[in-house]
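Peer 1: Per UniProt numbering, residue 1 is the first one in the sequence shown, and the count goes up by one each step.
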Amino acid sequence: MATVINITDKNQLEQILQEAKNVTSGPPTTVVMDFYASWCRPCSEIAPIFKELSTKYTNMKFIKIDVDKLEYDMDSLLSKGQCECLNEEDSHSLAQLLNSSGGNNSKTYLLSDTDEQLIIYITFSQFVRIQSIQINGPKENAPKTVKLFINQISTPDFDSCEIGEAVQTLELTEDDIKDGGITQLNFVKFQNVNTLTIFVKNNQSSTDQTRIDKLKFYGYPVNTVNMKEFQRVSGKKGEAHG
């Protein structure tokens, strides 16, 4: 009989995902994740159904994550091939940063080109809720004023970002930009996000180039199963599974 695993820390989650991916025989194990909060009534209502499914589909792993206790790194939910950056230096691009482990001592970082401004267009593989964002860099030229826009269908230009009304504008502090610093967002405004546009208006010291050493997004998917990746394990075509 399968059981639901309650995730208590990031290392436990990473280990489960890694084990599911590195199955020695057959396809990777499907991991079904329930992102919940103790104050959320629908979460409480779905809990017994989630537990029942875990006993029915014993070849899958069912895990529960309390979003108030564990910030989930949504790196695996990025469509990195559809992310882009305007005014990036070719030798220090967004693509290199997103595909790197990062860290403020890493040689891989994002650097602006002709001036301090950047437009970073992030695409997720499914709709997500974003709780917080991590933008780290050197205290001299890390981003300072950052405007956030959601669900734009394409990368906007600089004029549009300058005059456009942002969903939220951040003024990053020294604590925000230091290695490991995480900035909380106005969570209710980032509930159904498919694309996130980050407009870096200036940097900490108004230098010619802006540098970002780490860019991370924390939250959870609106739907816990990506239907593009979900493999139907039983039943006829068209049959719903819970």
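Don't be surprised by glycine CBs; every beta carbon is placed ideally from N, CA and C. In this text, all values refer to a predicted model and were calculated from it rather than measured experimentally.
Assuming the contact rule is C-beta atoms closer than 8 angstroms, glutamine 204 and serine 112 should be a hit. Round their C-beta distance to whole Å, please.
Peer 2: Between serine 112 and glutamine 204 the Cβ distance is about 13 angstroms, and since that is not below 8 angstroms, they are no contact.
Peer 1: Look at leucine 215 and leucine 97 and say whether their C-beta atoms are less than 8 angstroms apart.
Peer 2: It is a contact, given that the beta carbons lie within the stated cut-off.
Peer 1: Using only CA atoms, which one of Thr58, Asn6 and Pro48 lies nearest to methionine 33?
Peer 2: The shortest Cα separation from methionine 33 among Thr58, Asn6 and Pro48 belongs to Asn6.
Peer 1: Can you tell me which of the three DSSP states tryptophan 39 falls into?
Peer 2: Correct three-state label for tryptophan 39: coil.
Peer 1: Under three-state DSSP, which class holds phenylalanine 230?
Peer 2: Residue confidence is low: phenylalanine 230 scores 41 on pLDDT, short of 50, so the model does not pin down where it sits. No coordinate-derived value is stated.
Peer 1: Just to confirm before moving on: does the CB-CB distance between leucine 170 and valine 188 stay below 8 angstroms?
Peer 2: Against a cut-off of 8 angstroms, the Cβ pair of valine 188 and leucine 170 comes out as no contact.
Peer 1: If I measure Cβ to Cβ from glutamine 82 and keep anything under 7 angstroms in the same chain, skipping five residues before and after, which residues do I get?
Peer 2: These residues qualify, in order along the chain: Thr123.
Peer 1: Put valine 193 into one of helix, strand or coil per three-state DSSP.
Peer 2: Correct three-state label for valine 193: strand.
Peer 1: Note down, one range per segment and in chain order, each alpha helix (DSSP H) of at least 4 residues found wholly within the stretch 65–116.
Peer 2: DSSP runs (the alpha helix (DSSP H)) wholly in the stretch 65–116: 94–98.
Peer 1: Quick one, are the C-beta atoms of isoleucine 135 and leucine 172 less than 8 angstroms apart?
Peer 2: A contact, by the Cβ cut-off of 8 angstroms.
Peer 1: Out of Asp115, Ser93 and Leu118, which one is the CA nearest neighbour of tyrosine 109?
Peer 2: Minimum Cα distance to tyrosine 109 is reached at Ser93.
Peer 1: Does DSSP classify leucine 170 as helix, strand or coil?
Peer 2: Strand at leucine 170.
Peer 1: Taking the Cβ atom as the reference point for each residue, do valine 128 and valine 67 lie within a distance shorter than 8 angstroms?
Peer 2: No, Cβ-Cβ distance for valine 128 and valine 67 is not below 8 angstroms.
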